[in-house]
Amino acid sequence: MRITQQTIFDGFMKHINENRAEMHDLQQDIASGKKISKASDDPLKFKRARLLQEQIREKEGYQDRINTARNTLDIAEQSLQEVINGLIEIKSNVTRAVNGAHDSASFTAIKQELESLKEELVASFNAKDVNGYIFGGVENDAQPYTIDSNSGSVVSNGSNNSLSLEVDNNLSIDVTQDGNFVRTTKYDDDLASNPSSYRSYLTPTLLDDQGNIATGNTAFTSLEAVDNYLEGFDNLELDITLPDGSSPNPALMYNYSNNDTVNDMISAFNTQLDPLGVNMTFENGTVFVKSQNMGTNQLSVNGFVDNGGNVFTTNFPAFSQQASGEVDQGIDLFDSIDEAIVNLESQDVDALSAQIDQFDELISHVTTHITEIGLTNNRLNFLEEKHENSKILLNAELSGWVDTDYAETVSKLQRTEIAFQSAMTIHTKMFNESLINYL
Amino acid sequence: MKTLLEITKSGMDVAQRGLETTSNNIANVNTEGYSRQRLVTNPLFSRNGQFFDGLGVRVTDVEQLRDFRINNAIYQKNQELSYLKIKSNTYSQLEASFITNSGNDLDSRVSTFLSTFGDLAANPASLDIRNKVINDAEQMIDTFNNLHNSISNQRKTIAEDVESLVGIVNKQLNDIASLNEQIKQFHVNKRSTNGLIDKQTLKINELSKLLNLDVYRTEEGQVDLSIKGISVLSGTKVHELYLANDTSSDQINVRLTQGGQGVDLDEGELGAYIQLFNNELPDLESDLNDFSTQIMQQVNNLHTSGVGRNDGVSRSFFELEDTNPNKLIINQEILSDVGNIAAEDPNVVNASGNGFIAQQIADLKDIELLNGYKPTEFAIQFISEPGTKLHALQNNVELRTSELDLLKSQDQQVSGVNMDEELSKMIQYQQAYQGAAKIMQSAQLMYQSLMSILD
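The following block contains the structure:
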């Protein structure tokens, strides 16, 4: 094989360039701390790394929201604590009025005390965090509770829809407080049956004419044929008033056909009720109509309407009790205070005495609510920790993919340097060897 | 006696020619495209009865040591390598604009944009968040635009490069044609064509980096060149390439003269440029368009089913710019009032002020948007595309480079000048000359001896 000077030179340049390129790469890795910084370094690792970064971003997003939520809940807890203190104060004032007040001056003094306590409570319900009023639900940019200047009663302006934060994949937690939930005790009933979303809806209990909870005809089952009870009616209309005060439009109609069971009827109505946020259930022989939202007017069921447009209340054993149904709202915090103020004004000691239990119930209701907040907080803490842990794992994995292993890189660099120096030495030596030296 | 002097003279002549050749070789040791030359000598003789008497030596040729098969293989590798190198360079430039060290690339922009809608869902009344939605949307649109620009700028540069390269190709073809002419004449006049062949080889070598070329060499040393069976040079006749830019389809076509036969260039720098311009960059561009269109449609579909916070009116979020149908812009009504961002779903009863629509837009992050990819996944896939191509190309470039190096070294083995070899040749010719001179000296002495008898 003929080896010319050019061959030696080309070989030398090739190796030197290769060495230089390798040294350049290693120096870049060391200086930047990254061995994969662009897709061409290693497309698979790069894509994997970017996907990991996306996951980390997602966790960080959840963590940010959790931190905001915890802050909101802390303020809510503090405000409700103030509410409890206020209620205790009110209760002791009412107790004082029942036991010790004998002249109208002291009734007036206590009444004034209650009025100012009421204002303090309204202020507590109007607590704010960085995002807005925390008891306003989604309408958190305006004061959720105001005192009507004419009637003096407290008006809820907020929304019954609480702000819901996505704190994990497909897991949302309601964080801002919907004040109505705190305001009335009835909401507590939903707590046990719907722990996942503990305060976003109301289950009105239907009362019969005598004010008793309707139990219906327990012999009547949901598999009963409707025509046993609906003889003479082809179509049936359900007459209800929605929580926002409106009536459903179009009207809720059920086109009865032979052999339909009560279940068929319920599902026919539910198809129409669903979009309205209302649904019909059948429990213990009673048909219930429930709203998932509470509006100013509350949901009311007026009864069924027959073909002639008459509200149909009799000859209809299973439903008759709901015909004049009304909603049990429980005890309203501000209404109770207003009532106490009226009672103080009229110096009605008996009525005041009866109210002490109401305040006890309200205190226990708000306390339950604070406990709920504590539970949510715990849950958030747990989630936050979970996200933190996954972030650590993801970061470790990411680092394994893209970060420079310094020990390895430095030792590689040293190896390349030695190869580079050797190449230089050997080639300079070879270039000097020529026949010219011997002529 | 006379013969002796003639023989000696021929020996000295040859040695001198030999030294000339050697010195020419040494002088051109670093000349690119130079092939070493060797003296071809033949003994002279005459028949004398039953013997052949030697009459000295004669130079019959100064031959070039060259293996055209290696040259042809080098041309082939040149085409492949320069094709790969142009693609590598283009993709490496694209990658640099697709992927930044900060990591604020398309993937993070899209993901941030959607996740801000999640924040909005959690707090639909917040003006801060509404402003952030606009800000993040603008940044995402900017990123889309930058990506568009870097692709279309590459295409613009390529169109210019192709134009100048076609000019260079035509010039080279004409140069080679005139070399063919000279070689023909030199051949007729029995002059050495060595230097011309060196020049010619060098020209073809340059040309082979630009396009796919088939080389056919005639006995006389002329070359005919063709591209996929279409002749571009035959003897001295050149068929110049003509660049037909089809503006309607936005494609580059190379033809033989205007309106002539289309030439399929798929190797060399021109081949790479044309393929990038006509196919690969438009593919990349259409992927990007599909992506931005999908984002726009999906977001708009949801956004138009929602309503603005203050007026309950439905609006689209994104619109397309009138002058550029690929360019997204934000609905002017939303820009002028962030309250018009529709976070609220009006169809949910008793839930005014809700953030359901915003949440649905945020949830787009988990839907399969294009080819089974979720938005961020598609963005990652897209920005990695040039790098992925580059990675594969780099491996090929390395492979082709070492193949080319091997061929070059084989070419050197045949044609390269070895200094040591030439120096030893020098000594050889020097000694041959000295030997011949010595004989001449002896012959002179013989003459003198003879003459002295006559005295």
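As you go down the protein sequences, you meet chains A and B in turn. Be aware that the first sequence starts at 1, since it is given in this note's numbering, and climbs by one per residue. Be aware that the second sequence starts at 1001, since it is given in this note's numbering, and climbs by one per residue. Every residue, glycine too, gets a C-beta built ideally from N, C-alpha and C. Keep in mind it's a predicted model, so treat the numbers as computed, not measured.
- ARG65, THR68 and ALA69: these are the residues of the region 65-83 of chain A whose beta carbon lies less than 9 Å from some beta carbon of chain B, given in chain order.
- Between ILE1007 (chain B) and LEU1039 (chain B), the C-beta spacing is not below 8 Å.
- Per the C-alpha coordinates, the member of A:GLN272, A:VAL175 and A:HIS102 positioned closest to THR376 (chain A) is A:VAL175.
- Counting C-beta pairs with one atom in each stretch, the region 1140-1150 of chain B and the region 1106-1125 of chain B have three or more that are closer than 8 Å, which means they touch.
- Straight through space, the alpha carbons of ILE1176 (chain B) and ILE1168 (chain B) are spaced by roughly 12 Å.
- By alpha-carbon distance to GLY152 (chain A), the top candidate from A:ARG20, A:GLU339 and A:SER434 is A:GLU339.
- At a beta-carbon threshold of 8 Å, the residues of chain A lying near GLU1095 (chain B) are LYS38, ALA39 and SER40, ordered along the chain.
- Considering only beta carbons, the part of the region 114-143 of chain A lying closer than 8 Å to chain B consists of ASN131, GLY132, GLY137, VAL138, GLU139, ASN140 and ASP141, in chain order.
- Closest in C-alpha terms to VAL1417 (chain B), from the list B:ILE1380, B:THR1021 and B:LYS1009, comes B:THR1021.
- Near chain A, meaning a CB-to-CB distance below 8 Å, the residues of the region 1389-1411 of chain B are LEU1390, HIS1391, GLN1394, ASP1405, LYS1408 and SER1409.
- Taking the beta carbon of ARG379 (chain A) as reference, no residue of chain B falls within 9 Å; the closest one sits roughly 16 Å away.
- At a cut-off of 8 Å between C-beta atoms, GLU166 (chain A) counts as an interface residue with respect to chain B.
- Ranked by how close their Cα comes to the Cα of ILE1383 (chain B), the residues B:SER1097, B:ASN1030 and B:GLU1032 have B:SER1097 in first place.
- Excluding five sequence positions before and after ASP1198 (chain B), the CB atoms of its chain that fall closer than 7 Å to its own CB belong to GLY1033, TYR1034 and SER1035, given in chain order.
- By alpha-carbon distance to ASN1123 (chain B), the top candidate from B:GLY1011, B:GLU1344 and B:ILE1367 is B:GLU1344.
- In the structure shown, THR4 (chain A) falls within a coil segment according to DSSP collapsed to helix, strand and coil.
- In summary, GLU237 (chain A) is buried, with 16 or more beta-carbon neighbours lying within 10 Å of its beta-carbon over all protein chains present.
- Neighbourhood of VAL1029 (chain B) in chain A, by CB distance below 9 Å: THR4, GLN5 and GLN6, in chain order.
- 8 Å or more divides the Cβ of ASN131 (chain A) from the Cβ of PRO144 (chain A).
- The C-alpha of THR1157 (chain B) is placed about 10 Å away from the C-alpha of ILE1151 (chain B).
- When A:THR185, A:ILE16, A:ASP42 and A:ILE56 are compared, the shortest CA-CA separation from ASN389 (chain A) is found for A:ILE56.
- Runs of the beta strand (DSSP E) lying entirely within the region 1239-1283 of chain B, each at least 3 residues long, are 1241-1246 and 1251-1256 in chain order.
- With contacts defined as CB atoms closer than 8 Å, LEU1364 (chain B) and VAL1299 (chain B) qualify as a contacting pair.
- When the five nearest sequence neighbours on each side are left out, the beta carbons in the same chain lying within less than 7 Å of the beta carbon of LYS1085 (chain B) are those of VAL1397, in order along the chain.
- Within 10 angstroms of the beta-carbon of TYR133 (chain A) lie 16 or more other beta-carbons, which makes it buried.
- If only complete runs of 4 or more residues are kept, the region 1276-1329 of chain B shows the alpha helix (DSSP H) at 1281-1305, in order along the chain.
- Contact with chain A is absent for ALA1073 (chain B), since none of that chain's Cβ atoms lies less than 8 Å from the residue's Cβ.
- Taking 8 Å as the CB threshold, LYS391 (chain A) stays off the interface with chain B.
- Between ASP360 (chain A) and ASN378 (chain A), the alpha-carbon positions lie close to 27 Å from each other.
- With at least 16 other beta carbons inside 10 angstroms of its own, GLY137 (chain A) counts as buried.
- When Cβ-Cβ separations below 8 Å define contact, SER1082 (chain B) makes no contact with chain A.
- When DSSP states are grouped into helix, strand and coil, PRO1386 (chain B) belongs to the helix group.
- Under the 10 Å beta carbon count, VAL1133 (chain B) is surrounded by 16 or more other beta carbons and is classified as buried.
- Looking only at A:LEU44, A:GLY374, A:LEU26 and A:MET13, the smallest Cα-Cα distance to TRP401 (chain A) is reached by A:LEU44.
- Closest in C-alpha terms to ILE1361 (chain B), from the list B:PHE1051, B:ALA1015, B:ASN1042 and B:VAL1110, comes B:VAL1110.
- Closest in C-alpha terms to LEU117 (chain A), from the list A:LEU394, A:SER336 and A:GLU60, comes A:SER336.
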